[in-house]
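Only one structure is covered here, and it is reproduced in the block below.
2 protein chains.
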Amino acid sequence: MERSKKSAEKPVGRARQAGQEREAGRPADGAANRPPTIRSVAERAGVSKSLVSLVLRDSPQVSDAKRAAVLDAIRELDYRPNAAARSLVARRTHTVGVLLNDMRNPWFVDLLDGLNSVLHEHGLRMLMADGRLSRRTGEDFTRAFAELRVDGLVAVGTLPDTGALEEVAGRLPTVVAGTHDPKLPRVDTVANDDEQGARLATEHLISLGHRRIAHIMGQGSVGVLRRRGYEAAMREHGLEGGIVMAPSDATEEGGYRAAVRLLGGTGSGERPTAVFAYNDIAAVGVLSAAQELGLDVPRDLSLVGCDNTYLARIRHLWLTTVDNASHEVGRRAARCLLERMAHPSRPAERQLVEPALEIRGTATSPH
Amino acid sequence: MERSKKSAEKPVGRARQAGQEREAGRPADGAANRPPTIRSVAERAGVSKSLVSLVLRDSPQVSDAKRAAVLDAIRELDYRPNAAARSLVARRTHTVGVLLNDMRNPWFVDLLDGLNSVLHEHGLRMLMADGRLSRRTGEDFTRAFAELRVDGLVAVGTLPDTGALEEVAGRLPTVVAGTHDPKLPRVDTVANDDEQGARLATEHLISLGHRRIAHIMGQGSVGVLRRRGYEAAMREHGLEGGIVMAPSDATEEGGYRAAVRLLGGTGSGERPTAVFAYNDIAAVGVLSAAQELGLDVPRDLSLVGCDNTYLARIRHLWLTTVDNASHEVGRRAARCLLERMAHPSRPAERQLVEPALEIRGTATSPH
DNA sequence: AGCGTTGAGTGGACCGTTCCAAAGCGGCCG
DNA sequence: CGGCCGCTTTGGAACGGTCCACTCAACGCT
Numbered sequence: 344m345e346r347s348k349k350s351a352e353k354p355v356g357r358a359r360q361a362g363q364e365r366e367a368g369r370p371a372d373g374a375a376n377r378p379p380t381i382r383s384v385a386e387r388a389g390v391s392k393s394l395v396s397l398v399l400r401d402s403p404q405v406s407d408a409k410r411a412a413v414l415d416a417i418r419e420l421d422y423r424p425n426a427a428a429r430s431l432v433a434r435r436t437h438t439v440g441v442l443l444n445d446m447r448n449p450w451f452v453d454l455l456d457g458l459n460s461v462l463h464e465h466g467l468r469m470l471m472a473d474g475r476l477s478r479r480t481g482e483d484f485t486r487a488f489a490e491l492r493v494d495g496l497v498a499v500g501t502l503p504d505t506g507a508l509e510e511v512a513g514r515l516p517t518v519v520a521g522t523h524d525p526k527l528p529r530v531d532t533v534a535n536d537d538e539q540g541a542r543l544a545t546e547h548l549i550s551l552g553h554r555r556i557a558h559i560m561g562q563g564s565v566g567v568l569r570r571r572g573y574e575a576a577m578r579e580h581g582l583e584g585g586i587v588m589a590p591s592d593a594t595e596e597g598g599y600r601a602a603v604r605l606l607g608g609t610g611s612g613e614r615p616t617a618v619f620a621y622n623d624i625a626a627v628g629v630l631s632a633a634q635e636l637g638l639d640v641p642r643d644l645s646l647v648g649c650d651n652t653y654l655a656r657i658r659h660l661w662l663t664t665v666d667n668a669s670h671e672v673g674r675r676a677a678r679c680l681l682e683r684m685a686h687p688s689r690p691a692e693r694q695l696v697e698p699a700l701e702i703r704g705t706a707t708s709p710h
Numbered sequence: 344m345e346r347s348k349k350s351a352e353k354p355v356g357r358a359r360q361a362g363q364e365r366e367a368g369r370p371a372d373g374a375a376n377r378p379p380t381i382r383s384v385a386e387r388a389g390v391s392k393s394l395v396s397l398v399l400r401d402s403p404q405v406s407d408a409k410r411a412a413v414l415d416a417i418r419e420l421d422y423r424p425n426a427a428a429r430s431l432v433a434r435r436t437h438t439v440g441v442l443l444n445d446m447r448n449p450w451f452v453d454l455l456d457g458l459n460s461v462l463h464e465h466g467l468r469m470l471m472a473d474g475r476l477s478r479r480t481g482e483d484f485t486r487a488f489a490e491l492r493v494d495g496l497v498a499v500g501t502l503p504d505t506g507a508l509e510e511v512a513g514r515l516p517t518v519v520a521g522t523h524d525p526k527l528p529r530v531d532t533v534a535n536d537d538e539q540g541a542r543l544a545t546e547h548l549i550s551l552g553h554r555r556i557a558h559i560m561g562q563g564s565v566g567v568l569r570r571r572g573y574e575a576a577m578r579e580h581g582l583e584g585g586i587v588m589a590p591s592d593a594t595e596e597g598g599y600r601a602a603v604r605l606l607g608g609t610g611s612g613e614r615p616t617a618v619f620a621y622n623d624i625a626a627v628g629v630l631s632a633a634q635e636l637g638l639d640v641p642r643d644l645s646l647v648g649c650d651n652t653y654l655a656r657i658r659h660l661w662l663t664t665v666d667n668a669s670h671e672v673g674r675r676a677a678r679c680l681l682e683r684m685a686h687p688s689r690p691a692e693r694q695l696v697e698p699a700l701e702i703r704g705t706a707t708s709p710h
């Protein structure tokens, strides 16, 4: 008895207070007129907020008349649901974080295309951060994504900070796309078959009749794989003697310097007749070096790049290169992420996508 | 009487239920162990959640002992504040949306750098969306940003859908960077002085001794301005007769085709000795066309591009071009946005950033 | 002694949604 | 004619924070 009275008084008072403010105060004079909420819509349509919520997630349980009324009100007020409130209660943001290694190097745009198309089909939106920018400002990208409570994370390209990635992978579904690099327990990887790509390029040059084929090396695990594919192809065709490798980095400058070392120093008999470069940018460096050394490409020197970036497509360069199906990599990475979001603790999956040769103008038979 | 009884009975049951769940149930057995909240931290540290909140926003009002206890609890639980909850009550997300026109064209990366550095100084984070991807999936970028309740919006580059931008500008602080295009009431604009840049390029060619200088035109307002600068420079030096213009788009293909028309068709006496291209990509197309027509650049044809993208920096291309200080544009755009966030209804501001000539290898005196 | 003042700490309303339990309301059947 | 069964609609707790109003000591000042 006593208890019932006490609790009766307390909640009643509150309910009334709240109700008053709700019904009379806020929407009318509305402090600093805020954007419309589900309540404004309900009020205008003459229904409860719950019904508006049902209409928003178009439940079949709503009569046509009320639905129309609510939709009208939404239109009239130009109402937009508040994602923060929604995700607060749903504990889902329908957003996946995409961490780009470095936006300066545009090899990833096709990958992003593929990623986006599949994610969008499943009602997920992408939120991108440039790893390089975060690094420069000393910000921890991991934190930002964790606080925003993204539903998943896709790391595109090699990341310097494997530790942070490992930590974030413990919290949320994570997929690495476009590189083989960090092999972590609960992290899926979708990448190009770089070894196979290098093999294709090298075999193309061999089939054209080249015997002495140089390789301009790249760094990281991708660099190792491409070198391995190159070496394997050479060996399988009995061309161990024709193997020449020059260390470099994935820049035009690096490709240029390596090519100058390779092509400039030694006598003409020793000089390679073809070069397989780690990527398109390095290949463009080779082009520059050849020009400076008075070598005509492809007459005096054949050249194959890798990645089929839009650089390779520029008519003035027109690089023969390896297309590594970035779009497909993106699509598969998205599907992997969806799988992992559904089953967070399944074992890590590693996928390889088949590359293909894109023949353009920088490789022919040696004269 | 009847009413009081009714309301008494109803809330009592519920209130008790809820109270029990809060005090005894949730934190102890915790359904599907959720990430720690401010309440878990408070409980562990033996303080109230309000105090934890104070520590989080490091208020000076907290004793050292309690502060230490709270920080320990935060560390032990690996607590991360929930951005959704925070922004729900604060009505601020500390996030600005950055809308990229098209990630394929990497002229904006420097701009983003500048943008990012200033925004970061003010505790804002960037969230990027690619307009092209949104367009393809038929998604309205405006909606996404509006629902996420970003604090502001930066549109980078020309946007096709001016209407959507105008609408979104009514809701939140908006700045357009890198283009002059939509002149909307409450929208600030920070752009390069494209007219001045074109003038610099043209005057450079004139000072080298060229008289017949063609211009490969671009589209949009930027195209108009660059053309205007070109024409003005020509006229001011009494070279109206040397004006030749070819319409094109901002692609390599477009530049190539325009150049073939310009250089191939007419007799040698009529042929321009120099070209000022709308941008670097179009300039590369000109390079391709010149090569095909057997014209040596710069001996037979001088060429100046625009934007100083990294294409221009490739040794094999080594384009003389106009540097439009994208980094500075980004920085100023960020400051504009901060201003507008502080004073949402101030009149629109239009800023122009001074360009500079970047002399490389594609322009010399006519022989 | 009584009074205000100050500073650390707390309770609870509130932000804008979702979701659940329950209510209202015909209609149908025994 | 009353009970029951669907279908539509509603109230209110919950999500995880912030912030305001308030309490409670301790302290200094007439």
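For the protein sequence lines, the chains are A and B, in the order given. Mapped onto my numbering, the consecutive letters of the first sequence carry residue numbers 344 to 710. Mapped onto my numbering, the consecutive letters of the second sequence carry residue numbers 344 to 710. Each residue gets a CB set at the ideal place from its N, CA and C atoms; glycine is no exception.
Checklist entry - Between the stretch 429-445 of chain B and the stretch 478-493 of chain B, do three or more beta carbon pairs fall short of 8 Å? => result yes
Next on the checklist: Distance cutoff 9 Å, beta carbons only. Does residue 628 (chain A) sit that close to anything in chain B?
Outcome noted: Yes, its Cβ sits closer than 9 Å to a Cβ of chain B.
Checklist entry - Which whole-angstrom value describes the C-beta separation of residue 620 (chain B) and residue 556 (chain B), a residue pair presumed to lie in contact below a C-beta threshold of 8 Å? => result About 11 Å separates the two Cβ atoms, so there is no contact after all.
Checklist entry - Should residue 432 (chain A) go down as buried or exposed, given a rule of 16 or more other Cβ atoms within 10 Å for buried? => result exposed
Checklist entry - Helix, strand or coil: which one does DSSP assign to residue 704 (chain A)? => result coil
Checklist entry - Since residue 498 (chain A) contacts residue 414 (chain A) with CB under 8 Å, what's their CB separation in whole angstroms? => result Their Cβ separation, rounded to whole angstroms, is 41 Å, which puts residue 498 (chain A) and residue 414 (chain A) out of contact at 8 Å.
Next on the checklist: Can you check which of these residues, B:660, B:685, B:569, B:444, is closest to residue 476 (chain B) by C-alpha distance?
Outcome noted: For the residues B:660, B:685, B:569, B:444, the minimum Cα distance to residue 476 (chain B) belongs to B:444.
Item to check | Spatial distance of residue 548 (chain A) from residue 647 (chain A) (CA atoms) | outcome: 8 Å
Item to check | Beta carbon proximity, residue 341 (chain A) to chain B, threshold 9 Å | outcome: Shown here, chain A extends from 344 to 710; a query on residue 341 (chain A) therefore has no answer.
Checklist entry - At which residue ranges does the stretch 590-659 of chain B contain complete alpha helix (DSSP H) runs of 4 or more residues, listed in the order of the chain? => result 595-607, 623-635, 653-656
Item to check | Rounded straight-line distance, which links the Cα of residue 575 (chain B) to that of residue 455 (chain A) | outcome: When rounded, the distance between both Cα atoms is 42 Å.
Checklist entry - Rounded to a whole number of angstroms, what is the C-alpha to C-alpha distance between residue 385 (chain B) and residue 423 (chain A)? => result 34 Å
Next on the checklist: On the criterion of 16 or more Cβ atoms from any shown chain inside 10 Å, does residue 702 (chain A) qualify as buried, or is it exposed?
Outcome noted: exposed
Checklist entry - For a contact meaning CB atoms closer than 9 Å, what does residue 616 (chain B) contact in chain A? => result Neighbours of residue 616 (chain B) on chain A: none; closest Cβ ~20 Å, over 9 Å.
Item to check | Unbroken stretches of the alpha helix (DSSP H), 4 residues or longer, contained in the stretch 447-472 of chain B | outcome: DSSP runs (the alpha helix (DSSP H)) wholly in the stretch 447-472 of chain B: 452-464.
Checklist entry - Going along chain A in order, which residues have a C-beta closer than 7 Å to the C-beta of residue 468 (chain B)? => result Ordered by position in chain A, the residues that pass the 7 Å Cβ test against residue 468 (chain B) are 487.
Item to check | Own chain, CB closer than 8 Å to residue 367 (chain A), minus 5 neighbours either side, in chain order | outcome: At residue 367 (chain A) the pLDDT is 34, less than 50, meaning the model places this residue with poor confidence; the figure from the coordinates comes in the next sentence. Once the five neighbours on either side are set aside, residue 367 (chain A) has no close Cβ partner at all.
Item to check | Contact belief for residue 541 (chain A) with residue 521 (chain A) at Cβ below 8 Å, rounded distance in angstroms | outcome: Rounded to whole angstroms, the Cβ separation of residue 541 (chain A) and residue 521 (chain A) is 16 Å, and the two are not in contact under 8 Å.
Checklist entry - How many angstroms separate the CA atom of residue 660 (chain A) from the CA atom of residue 601 (chain A)? => result Approximately 19 Å, taken between the alpha carbons.
Next on the checklist: In this structure, how does DSSP classify residue 407 (chain B) when only helix, strand and coil are distinguished?
Outcome noted: helix
Item to check | residue 391 (chain B) classed as buried or exposed, judged by whether at least 16 other C-beta atoms fall within 10 angstroms | outcome: exposed
Next on the checklist: Counting only Cβ pairs nearer than 8 Å, list the residues of chain A close to residue 639 (chain B).
Outcome noted: Scanning chain A for C-beta atoms nearer than 8 Å to the C-beta of residue 639 (chain B) yields nothing, as the closest lies near 12 Å away.
Checklist entry - Between residue 448 (chain B) and residue 625 (chain B), what straight-line distance do the alpha-carbon atoms span, to the nearest angstrom? => result When rounded, the distance between both Cα atoms is 12 Å.
Checklist entry - CB-CB under 6 Å to residue 572 (chain B), same chain, minus the five flanking residues each way: which ones, in chain order? => result For residue 572 (chain B), where only same-chain residues beyond five positions count, the Cβ hits under 6 Å are 538, 541, 542.
Next on the checklist: So if I threshold CB-CB distances at 9 Å, which residues from the stretch 645-663 of chain A count as touching chain B?
Outcome noted: 653, 654, 656, 657, 658, 659, 660, 661
Item to check | CB-CB length for residue 649 (chain A) against residue 665 (chain A), believed under 8 Å | outcome: Rounded, the Cβ-Cβ distance is 5 Å, consistent with contact.
Item to check | 9 Å Cβ cutoff met for residue 629 (chain A) and residue 653 (chain A) | outcome: no
Item to check | Beta-carbon neighbours of residue 423 (chain A), restricted to chain B and to distances below 8 Å | outcome: Correct list: 486, 489, 490.
Next on the checklist: Below 9 Å on C-beta distance, what does residue 516 (chain B) contact in chain A?
Outcome noted: Correct list: empty, because the minimum Cβ distance to chain A is about 14 Å.
Checklist entry - Within 9 Å (strictly less), CB to CB, does residue 496 (chain A) reach chain B? => result no
Checklist entry - Does DSSP put residue 558 (chain A) in a helix, in a strand, or in coil? => result In the structure shown, residue 558 (chain A) falls within a strand segment according to DSSP collapsed to helix, strand and coil.
Item to check | C-beta neighbour in chain B for residue 543 (chain A), strict 9 Å | outcome: no
Checklist entry - Cβ atoms of residue 603 (chain B) and residue 457 (chain B): under 9 Å apart, would you say? => result Not in contact: residue 457 (chain B) and residue 603 (chain B) (Cβ atoms no closer than 9 Å).
Item to check | Straight-line gap, residue 568 (chain B) to residue 504 (chain B) (C-alpha atoms, nearest Å) | outcome: As the crow flies, the alpha-carbon of residue 568 (chain B) is around 21 Å from that of residue 504 (chain B).
Checklist entry - Does DSSP classify residue 415 (chain B) as helix, strand or coil? => result helix
Item to check | Cβ neighbours of residue 595 (chain B) in the same chain (closer than 8 Å, five flanking residues each side left out) | outcome: 624, 625, 627, 628, 631
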